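**Q** Residue numbers (the working numbering), protein chains in the order written: chain A, 1 to 111; chain B, 1001 to 1114.
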Amino acid sequence: DAKTTQPTSMDCAEGRAANLPCNHSTISGNEYVYWYRQIHSQGPQYIIHGLKNNETNEMASLIITEDRKSSTLILPHATLRDTAVYYCIVRLLSGGTALIFGKGTTLSVSS
Amino acid sequence: NAGVTQTPKFRVLKTGQSMTLLCAQDMNHEYMYWYRQDPGMGLRLIHYSVGEGTTAKGEVPDGYNVSRLKKQNFLLGLESAAPSQTSVYFCASSYSLAQSYEQYFGPGTRLTVT
Chain A
1 DAKTTQPTSM DCAEGRAANL PCNHSTISGN EYVYWYRQIH SQGPQYIIHG LKNNETNEMA
61 SLIITEDRKS STLILPHATL RDTAVYYCIV RLLSGGTALI FGKGTTLSVS S
Chain B
1001 NAGVTQTPKF RVLKTGQSMT LLCAQDMNHE YMYWYRQDPG MGLRLIHYSV GEGTTAKGEV
1061 PDGYNVSRLK KQNFLLGLES AAPSQTSVYF CASSYSLAQS YEQYFGPGTR LTVT
C-alpha cells in the first residue's frame, strides 16, 4: 500500500469548514483513498473513500487531485464533536487487507 | 444490531498469565481483524481472518494466537503475557463484497500487563 503524509495537527473554529490534506504521491492506479477518524479512546470510524472522482456523503467530502497524488477531506461545518485524529489511508479494494494506520492528523475544533 | 462488541473492556494481567479477548459481530461479515494501538501511535494489525476457520498473520503477530471457529466470533489469545503487550486492542470486521470494504471497529479492550 502507498505511504501517506499528513500534518500532525490542525485547528478549526466551530462552524467553519475543516480541510484536512493528505499526500500520497506513490499511489498506484487501483488503490483507493480512505479516511477514518478516531475520537478519543473510541474505535476508529469510517468516513469516506474514493478512487479518482470527488465523493460526498453525510459526513464529509473527499477531493482527489487529478494526478491522484494528494487529497483533501472536507468537514463542511465542523463541530466540537469532530475533534479527533483523522487518518488518511491508501489501499487496494480488497477485504482481506488491513488498514495501515499512520499517526494521522489531530484536528482540534474550538468554540 | 450491536455491531462489533469486545469482551472484556479492561483487564490487568501479571507477566506470564494468559487470557483470551473475545470479539463478536452480528453483521454477518466475512472478514475480521485484530489491531493494537500504543500511545501516540496508529493502529497495527496483529492477525486477521478472511472467513470461518481461516486466520492469517498481520504486521505484529508475535506473542498472539487467534481462532475463528464461528463466523461471528474472532478470539485473540495471549499465552504468556509480557509488559510489551500493554496496549489497547481493537477488533474490526468488514463485508466481503467488492464495494467499500469499510471496516467497523469495536470499542476496544484496554490491557495492562504488570
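For each residue, glycine too, the CB sits at the ideal point set by N, CA and C. Just so it is clear, the structure is predicted and the values come from calculations on it, not from any experiment.
Kindly indicate if chain A contains any beta-carbon less than 8 Å away from that of residue 1157 of chain B.
**A** Outside the shown range of chain B (1001 to 1114) lies residue 1157 of chain B, about which nothing can therefore be said.
**Q** Can you give, in chain order, each stretch of the beta strand (DSSP E) that sits fully within the region 26 to 93 of chain A and has at least 3 residues?
**A** Listed in chain order, the complete beta strand (DSSP E) runs (minimum 3 residues) inside the region 26 to 93 of chain A are 31 to 38, 45 to 50, 61 to 64, 70 to 75 and 84 to 92.
**Q** Check the DSSP bridge columns for residue 1004 of chain B and list the partner residues they point to.
**A** Answer is B/1025, bridged to residue 1004 of chain B.
**Q** Between residue 69 of chain A and chain B, is any beta-carbon pair separated by less than 8 Å?
**A** No - not a single Cβ of chain B is within 8 Å of the one on residue 69 of chain A.
**Q** Since residue 11 of chain A sits in a beta bridge, which residues does DSSP pair it with?
**A** Partner(s): A/108.
**Q** Taking a Cβ distance cut-off of 9 Å, strictly less, list which residues of the region 33 to 44 of chain A are near chain B, in chain order.
**A** The region 33 to 44 of chain A vs chain B, Cβ under 9 Å: 34, 36, 38, 41, 42, 43 and 44.
**Q** If you drop the 5 nearest sequence neighbours on each side, which residues of the same chain put their C-beta closer than 7 Å to that of residue 1059 of chain B?
**A** Excluding sequence neighbours, residue 1059 of chain B sits near 1044 and 1045.
**Q** Per DSSP, what are the beta-bridge partners of residue 16 of chain A in this structure?
**A** Partner(s): none; residue 16 of chain A has no beta bridge.
**Q** What residue range is occupied by the uninterrupted beta strand (DSSP E) comprising residue 1041 of chain B?
**A** No beta strand (DSSP E) contains residue 1041 of chain B, which DSSP labels as neither H nor E.
**Q** Quick one: residues in its chain with C-beta nearer than 6 Å to the C-beta of residue 1102 of chain B, no 5 flanking neighbours on either side, listed in chain order?
**A** Contacts found: none.
**Q** Hey, how far is the Cα of residue 1114 of chain B from the Cα of residue 1013 of chain B?
**A** The straight-line gap from Cα to Cα measures roughly 6 Å.
**Q** State the Cα-Cα distance for the pair residue 1042 of chain B and residue 103 of chain A, rounded to the nearest angstrom.
**A** Distance between the alpha carbons of residue 1042 of chain B and residue 103 of chain A is about 5 Å.
**Q** If I measure Cβ to Cβ from residue 1098 of chain B and keep anything under 8 Å in the same chain, skipping five residues before and after, which residues do I get?
**A** For residue 1098 of chain B, the predicted structure reports a pLDDT of 48, less than 50, and the residue's modelled location is therefore unreliable. A value from the coordinates is still provided. Excluding residues within five positions, none has a Cβ falling inside 8 Å.
**Q** Comparing C-alpha positions only, which one of A/89, A/58 and A/68 sits nearest to residue 74 of chain A?
**A** When each option's Cα is compared against that of residue 74 of chain A, the closest is A/58.
**Q** Does the CB of residue 1105 of chain B have a neighbour CB from chain A at under 8 Å?
**A** For residue 1105 of chain B, the answer is yes, since a Cβ of chain A falls inside 8 Å of its Cβ.
**Q** Express the C-alpha separation of residue 88 of chain A and residue 1028 of chain B in angstroms, rounding to a whole number.
**A** If I take the Cα positions, the gap works out to 27 Å.
**Q** Is the number of C-beta pairs between the region 18 to 29 of chain A and the region 58 to 71 of chain A that are closer than 8 Å three or more?
**A** With the cut-off at 8 Å, the region 18 to 29 of chain A and the region 58 to 71 of chain A touch.
**Q** Give me the Cα-Cα distance between residue 1094 of chain B and residue 1025 of chain B, rounded to the nearest whole angstrom.
**A** Each residue's alpha carbon lies about 10 Å from the other.
**Q** Does DSSP put residue 1114 of chain B in a helix, a strand or coil?
**A** Coil.
**Q** Considering residue 1074 of chain B, what are the terminal residues of the beta strand (DSSP E) in which it resides?
**A** Run containing residue 1074 of chain B: 1073 to 1078, per the beta strand (DSSP E) assignment.
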